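See structure below.
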Amino acid sequence: MKLIIQIPCYNEEQTLALALAELPREVEGFDQVEWLVIDDGSTDATRQVAIDHGVDHIVGYTRNQGLAKVFMLGLDACVRQGADVIVNTDADNQYDASYIPSLTQPILEGKADMVIGARPIQMIEHFSFTKKMLQRLGSSVVRKVSHTDIPDAPSGFRAFSRDAAMKLNVFNEYTYTLETIIQAGIKQMAVTSVPVEVNEDLRPSRLVKSISSYIKKSIVTILRIFVVYKPFRFFLITGLILFGMGLILGLRFLYFYLFGNGTGHIQSVVLAGVMMGIGFQTILVAFIADLLSVNRKLLEEVQYRIRKLESEPEESR
32 MKLIIQIPCY NEEQTLALAL AELPREVEGF DQVEWLVIDD GSTDATRQVA
82 IDHGVDHIVG YTRNQGLAKV FMLGLDACVR QGADVIVNTD ADNQYDASYI
132 PSLTQPILEG KADMVIGARP IQMIEHFSFT KKMLQRLGSS VVRKVSHTDI
182 PDAPSGFRAF SRDAAMKLNV FNEYTYTLET IIQAGIKQMA VTSVPVEVNE
232 DLRPSRLVKS ISSYIKKSIV TILRIFVVYK PFRFFLITGL ILFGMGLILG
282 LRFLYFYLFG NGTGHIQSVV LAGVMMGIGF QTILVAFIAD LLSVNRKLLE
332 EVQYRIRKLE SEPEESR
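The opening position of the sequence shown corresponds to residue 32 in the working numbering, with each subsequent residue numbered one higher.
As structure tokens, then:
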């Protein structure tokens, strides 16, 4: 059994050495423990720090691509290097690496395909009140859509089985945390969480540049989650709301018309017609989106089979 611990990095020369120093080289249940750094186009000495501290594998991009793409590149590289279990952690040493055995244990026992490290959000001092509330909101949305009970969906400290890593895709360019849990739930993977602790904050978050930016990106992320993973429900509900509002306006005009006062409410007829038309078209879009989601699932199954074939040694094919 091989465990690979992957660390996405972007200009992390100041903190990477500390994070690597805390990583284990031996974990119960594994014969091999390797480290993999994904360099997201760093312009500092991140790669050299990784080399100096004995990182086994270094992959990456020549230009910055963002956390989501780097995360997926890491999963693919770990699978190709023969990882049976993959642990993802941060280069700023945010997460306590001593909890890695706790993350991997449910996978080794065959009880989970993905394990999320649940941080004590309310106890983290450097998280603002607004950020804590948004963390709770994001987690509640993910639980509803994915039908899981993960308390800390934005946590990046997580473990994946080899099979789970080959089934995942990330379409969001901002972050992978919410989307991967939702995909796991939709694809009937076993997802669980274990409590973990965090270390002292060493630098400001790269994802949260400002509260307003974080709120805007969080809202967009949540909306995209519904559109991508629940398209039929999203467009059907939207269409029914628009059609219903138009119908109410139409009934309002009909009421005034029947009682001889319809001439002053022509605008209601026009608006009712427009809203009912848009609502009806949105309902039709719901059925088209549902067909497209079926096609996406088929393509993901094909992609999974290709990944599985590519990652297997030639003699076992």
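All C-beta atoms, glycine included, are put in the ideal place defined by N, C-alpha and C.
Treat the numbers as computed from the prediction; the structure is a model and nothing was measured.
Nonlocal neighbours in the same chain, by C-beta distance under 8 Å from A108, ignoring five residues either side:
Excluding sequence neighbours, A108 sits near Q37, L67, I69, H88, V90.
Within 10 Å of its beta-carbon, does F160 have 16 or more other beta-carbons around it, so buried, or fewer, so exposed?
With fewer than 16 other Cβ atoms within 10 Å, it is exposed.
Would a C-beta distance cut-off of 8 Å place G105 and K33 closer than the cut-off?
Not in contact: G105 and K33 (Cβ atoms no closer than 8 Å).
Does the stretch 75–88 come within contact of the stretch 143–155, defined as at least 3 CB pairs closer than 8 Å?
As far as the Cβ criterion goes, the stretch 75–88 does not touch the stretch 143–155, which means the pair count is below three.
In chain order, each beta strand (DSSP E) run of at least 3 residues that lies wholly inside the stretch 172–199
List check, beta strand (DSSP E) in window: 189–192.
Assuming contact is defined by CB atoms lying nearer than 8 Å, are A184 and V110 in contact in what I supplied?
no
Once DSSP output is grouped into helix, strand and coil, what is the label at G91?
strand
Start and end residues, alpha helix (DSSP H) containing K100
Note, K100: alpha helix (DSSP H), 98–111.
Looking at A52 and I117, is the spacing between their C-beta atoms short of 8 Å?
no
The alpha helix (DSSP H) enclosing V325, as first and last residue numbers
297–342
Bridge partner(s) assigned by DSSP for S73
DSSP output for S73 lists no bridge partner at all.
Quick one: what does DSSP say I117 is sitting in, helix, strand or coil?
Three-state DSSP puts I117 in a strand.
Roughly how many angstroms separate the alpha carbons of T46 and K218, rounded to a whole number?
36 Å
Residues sharing a beta bridge with T269, DSSP:
In DSSP, T269 forms no bridge with anything.
Relative to the alpha-carbon of Y260, which residue among R327, E343, G141, E228 has its alpha-carbon at the smallest distance?
R327
Pull up the distance between the alpha-carbon of L254 and that of L273, whole angstroms please.
18 Å
Note down the Cα distance separating R174 from M103, rounded to an integer number of angstroms.
The alpha-carbon atoms of R174 and M103 are separated by roughly 22 Å.
Close beta carbons around D144, own chain, < 6 Å, minus the five adjacent residues each side
S192, A195, M220, A221
Roughly how many angstroms lie between the CA atoms of L285 and I246, to the nearest whole one?
43 Å
What number of angstroms, rounded off, separates the C-alpha of A128 from the C-alpha of T93?
Looking at the two C-alpha atoms, the distance is approximately 28 Å.
State the DSSP-derived secondary structure class of L67, mapped to helix, strand or coil.
strand
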